[in-house]
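Okay, structure first, notes after.
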């Protein structure tokens, strides 16, 4: 049914990908935890600072090694950079790392034996989780930028999460808004990604609802028609 | 046509569900009325307070009994909790109760003999009514949280309804915004649910409009082509 | 192809509808012009006040007569009220009258000989024009309510149009917002209708774009595949 | 498969269009650069002013000549104005010029030999690039209008870009809003175009995601079903 043939994956690359799935998922979650500690825990508390550094730095190193290994094993050379653009992007832009968590979790699920969710439910779960993780990371990043600014309306991490909610859903109250340049750049990125991801959630929910209602029609006894 | 076989409903469960439909619908509406009285009527007026307590508490008890009975009759054990996640959720989170009103009403309609609306119209009606009921409940809940706060911009129940309208449609003027923690959590919930529900309304309206226009094409005399 | 049989229109009703199309379209436009004059021209200038009254009142009378005549000729009795719900609604709620302009114009086009627009283009044109007319009428109605209020942020008709633009597109800056009860009720109505109509415009534009791009594929010489 | 036959392009027109593609693309980019210089560089700096004038004026002249030549070669006379409405519009409304950049780039791609992106990816790329270019031009135009106004909240070009981001994504914080008449007219235009274009991006992304997930189903070993 698929009209676009995809190149077969070399056996050694497939083997590598299967083996690194679980470590990479753990590394992604460690990165997220490390970034949280880095932003939210005051820098004066000495031990936490080092913990954060390790939790942020080590996963990144792991991702770089994994990227290099897959680039080598794929035998595609420079084409790999383009065909795996999401991997390339998340390597260069750490705040997009959460997208990897979802990707890895999805790949892990492929090997599980139990029946999975329907197509629309999976798209909803994937896009929704990505949006949540992106929103959380953007809250951390914007809070880090804004808390030092005297004109800032984002004073607590709670304000930042509230801002991310209003931004992702495009409600945009405007009671908490980034004012620094870097804060606004992160916000623009969140808008763009969030809009597409939440659009996918909404669209899939709509399709799923139509599907449920049309199944109801079939189950209904036909005598009343 | 349906590719996902659904487990047959045990006859005793089907019997139970048919018999409890009408009482549960009445209980849902009573819950909504009780919650309205609880929030809007001043607590000093003694008789109303007790009325609200009964109207809120009794339906909840009924829902819990119904949930338990269906859990038992289904013979699914713990799987029931997952397959009937909407029932489970509305039992634990009372503000989502209105979704049950719509669900029960839809199920009641299945037994009526008269011809029903078209597929898209039903999706629109279901999602639209759910959004309205959710918006109304969220208005009550946010008003309850916000009216006591000195910094609040939501001072009357009218302000709260106005806020809910602007939030559900993602317009988000920002002239009335929750400032308390719990108020913001409820708001975030309303954004997420409302976005999906209104997306379904919009999508179905769009599909319905396309359908109407393409039917117009068929009716048109072909000599002008 | 249509799976929902529609009742055949009685010949005398069809005749009536064909004959009244043009007068009703003129009456709709007159109503819109009269309402504009009524709101925007100061009431002290005597002649205009009477002009507005005639332009608003006469079309309404005409619509009522037309509604009664069609109700009688259809021979459907009370069912007519439900099957022609848009006509019923626009008769009772004058601000929704602009929807009739679009409806009548669309019906007129059915008799024209020249080739019409494609399906998606027509849905876009219909929904877009409806949204524009609704936004214009809502601007007038909200301006009429808000201009007298001391707390109002909508001081000129330009502010009101700007508010309607920001509301219809769900941008919702919040720099101009209705504060009166009736102003907010009109705003909520505009949000609901506008959201659905603009959703249809966006959806059809998206479908049309996909269609254009897939036609491009077919035209392309196949040697480069 | 296409049900709407398009008129065959006269050979001399096709020849003209193929030859002018690259010069017109360069002219479009020069126009954009010239407009940027015109708005952002202070007018006192003499040489830049003339550079901007040349960069803005010359491309416009080129577009007018091209439009006239194609109008003549098509042999369609006045019908050309209607069938090429986007060309007509961008000739009269310079801020819409960026849409030509995307159109020309798309046409150029048709002649390239290498395999192109999938349908949904191309719609996303087209609509996304158009939205970006429109947003950039609108930022320039609104900044030009607003910077002189004493009540303006758009004080730097950065504010203007931030406003354009919040408007295109319909977030609409309201912290930076045009207050002049012409600024608001441009804003309304951006809202309308941006809404449709970003709706196409979101819709295509959603479709693409569903496609990716359904391909995943096919690749999956069937033993676990």
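Residue numbers (the UniProt record's numbering), protein chains in the order written: chain A, 1 to 225; chain B, 1 to 225; chain C, 1 to 225; chain D, 1 to 225. Cβ coordinates follow ideal geometry from the N, Cα and C atoms, glycine included.
Check	Outcome
Classification of residue 122/A by the beta-carbon crowding that lies within 10 angstroms, buried from 16 upward	buried
Unbroken alpha helix (DSSP H) run spanning residue 134/B, endpoints	119–146
Minimum C-alpha distance to residue 104/C - residue among 201/C, 26/C, 199/C, 215/C	26/C
Candidates 165/D, 87/D, 184/D, of which the one nearest residue 166/C by Cα	184/D
For residue 224/D, three-class secondary structure by DSSP	Unreliable placement is indicated for residue 224/D, whose pLDDT of 38 sits below 50; the coordinate value is still reported in the next sentence. If DSSP states are grouped into helix, strand and coil, residue 224/D belongs with the helices.
Cβ-based burial, residue 83/D [other Cβ within 10 Å; buried from 16]	exposed
Assigned exposure category for residue 114/A - 16 Cβ within 10 Å defines buried	The predicted position of residue 114/A is uncertain, since its pLDDT is 49 and thus under 50; a value taken from the coordinates is nonetheless stated next. Label assigned to residue 114/A: exposed.
Chain C residues whose Cβ lies nearer than 7 Å to that of residue 170/D	169, 170, 171
Outcome for residue 61/D when other beta-carbon atoms lying within 10 angstroms are tallied against a minimum of 16	exposed
Per-residue DSSP class, three states only, for residue 36/C	helix
Exposure of residue 146/B, with buried meaning 16 or more beta-carbon neighbours within 10 Å	buried
Minimum Cβ-Cβ distance from residue 177/B to chain A less than 8 Å	yes
Buried versus exposed, by CB contacts within 10 Å (16 or more), residue 181/C	exposed
C-alpha distance - residue 170/C paired with residue 190/C, whole-angstrom precision	11 Å
Contact under 8 Å by Cβ, residue 149/C with residue 101/C	no
Contact list for residue 123/C against chain B, beta-carbon separation under 7 Å	209, 210, 213
Buried versus exposed call for residue 55/C [16 or more other C-beta atoms within 10 Å across all chains shown]	buried
Distance between residue 188/C and residue 28/C (C-alpha atoms, nearest Å)	24 Å
Candidates 99/C, 68/C, 74/C, 195/C, of which the one nearest residue 206/B by Cα	195/C
Within the stretch 156–193 of chain C, ranges of the alpha helix (DSSP H) (whole runs, at least 4 residues)	157–168
Contact with chain D by residue 174/B, beta-carbon distance below 8 Å	yes
Proximal chain A residues relative to residue 203/D, where beta-carbon distance stays under 8 Å	199, 203
Span separating the alpha-carbon of residue 99/B from that of residue 213/B	32 Å
Residue 154/A versus residue 142/A: straight-line alpha-carbon distance, rounded	9 Å
Closer than 8 Å to chain D by CB, residue 141/A	no
Simplified DSSP assignment, three categories, for residue 104/C	helix
Partners in chain C for residue 196/D, counting only beta-carbon separations shorter than 7 Å	201, 202, 205
Same chain, Cβ closer than 7 Å to residue 37/D, five either side skipped, listed in chain order	48, 51, 52, 55
Interface flag, residue 191/B vs chain A, CB-CB below 8 Å	yes
Reduced DSSP category for residue 29/D - H, G, I as helix; E, B as strand; rest coil	helix
Buried/exposed call for residue 164/B, threshold 16 Cβ in 10 Å	buried
Proximity below 8 Å, CB of residue 80/B to CB of residue 71/B	yes
Backbone CA spacing between residue 223/A and residue 12/B [nearest angstrom]	Per-residue confidence for residue 223/A stands at a pLDDT of 40, beneath the threshold of 50, marking its modelled position as unreliable; no derived number is given.
Nearest-angstrom Cα separation, counted from residue 138/B out to residue 157/B	11 Å
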